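Peer 1: Below is a structure I'd like to ask you about.
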Amino acid sequence: MFITVASYKGGVGKTTTAVHLAGYLQSLGPTLLIDGDPNRSASTWGARGSFPFQVVDETEGAYQARNFEHVVIDTQARPGVADFAALVKGCDLLIIPTVPASLDTDALILTLQAVPPEAANKYRVLLTKVPPPPEQDGPQLREALQRQGIPIFEAQIPRLKAFERAAAAGVLVQAVKNDDQAKRAWQGYENAGREIADGRK
Ligand code: ADP
């Protein structure tokens, strides 16, 4: 399975998503993470510690991909309407991490509404950095996306410090020590991973 993670803006947890979904898929079969983002944050993160899967750049990734059951691509591409279809064509699933409460939610919805129907069943929005209740940003964005018929993961990723700690330590979030939220942080991605795996059955 080829999964591409792309976002419309920086800092939304794109790399965090690619890394953790690769971690989940690795538990199902050999998984390769292709770091296609020029800032190389996934590679830097992995170099700090150790990931349970291999991380390579795009050039090597093109060659290596055939040896793996699953490939996750952390791409820098910011899909506009035109290249959205192309991006979707090149993978089995395009994941778009999105942070609630950003002012440009309306722009996102407009862009996604314009996605051609043949591409619509190959992408899904993943809500990331979702603030805890009673903040309503997460549920509000979910509802807005659903109202527009935009595909969205049931799973969502809570806003937790454990993710920053994971990046600093060079590990996946479930391996962060002395953080009682680390498990909950991982569960978000685990649930998203299950939805992906279930969708293929
Ligand atoms: P992007 O690839 O979209 O630029 P990153 O994955 O690099 O985003 O994340 C940007 C910053 O936000 C990093 O410091 C990362 O540790 C942090 N982060 C990512 N996901 C979460 C989350 N769910 N909760 C809190 N912080 C997060």
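In the numbering used here, the protein residues as written are 1 to 201.
A virtual CB, placed ideally from N, CA and C, is assigned to each residue, including glycine.
These numbers were taken from a predicted model, which means no experiment stands behind them.
(1) In whole angstroms, give me the CA-to-CA distance for VAL71 and VAL5.
(2) How long is the line joining the alpha carbons of PRO158 and GLU118, rounded to whole angstroms?
(3) Write down the C-beta distance between LEU33 and VAL55 rounded to the nearest angstrom, noting that I regard them as a contact closer than 8 Å.
(4) Determine whether the beta carbon atoms of SER7 and PRO151 lie at a separation below 7 Å.
(5) Using the three-state DSSP reduction, which class does ILE95 fall into: helix, strand or coil?
(6) Could you check how far apart the C-beta atoms of ASP92 and MET1 are, in whole angstroms? I think they sit under 8 Å.
(7) By the DSSP assignment, the beta strand (DSSP E) with PRO158 in it spans what residues?
(8) Measure the alpha-carbon distance for GLY199 versus LYS122 and round it to whole angstroms.
(9) Measure from the alpha carbon of VAL125 to the alpha carbon of each residue in SER27, ILE196 and TYR24, then state which is nearest.
(10) Span of the alpha helix (DSSP H) holding GLY61?
(11) Among SER50, GLU58, LEU21 and ASP104, which one has its Cα closest to the Cα of VAL176?
(12) At a threshold of 6 Å, does SER50 count as lining ligand 1 (C-beta to nearest heavy atom)?
(13) By how many angstroms is the C-alpha of LYS183 removed from the C-alpha of GLN136?
Peer 2: Considering the structure as presented:
(1) Rounded to whole angstroms, VAL71 and VAL5 show a C-alpha spacing of 11 Å.
(2) Within the model, the alpha-carbon separation for PRO158 versus GLU118 is close to 31 Å.
(3) For LEU33 against VAL55, the beta-carbon gap comes to about 5 Å, under 8 Å, which counts as contact.
(4) Note that the C-beta distance between SER7 and PRO151 is not below 7 Å.
(5) For ILE95, the three-state secondary structure derived from DSSP is strand.
(6) With a Cβ gap of about 5 Å, ASP92 and MET1 count as contacting.
(7) From DSSP, the beta strand (DSSP E) with PRO158 extends over 152-158.
(8) Cα to Cα, GLY199 sits roughly 11 Å from LYS122.
(9) Measuring from the Cα of VAL125, the nearest candidate turns out to be ILE196.
(10) Per DSSP, the continuous alpha helix (DSSP H) segment holding GLY61 begins and ends at 58-64.
(11) Ranking the options by Cα distance to VAL176, first place goes to SER50.
(12) Because no heavy atom of ligand 1 lies under 6 Å away, the Cβ of SER50 does not count as near it: no.
(13) Their Cα atoms are separated by approximately 23 Å.
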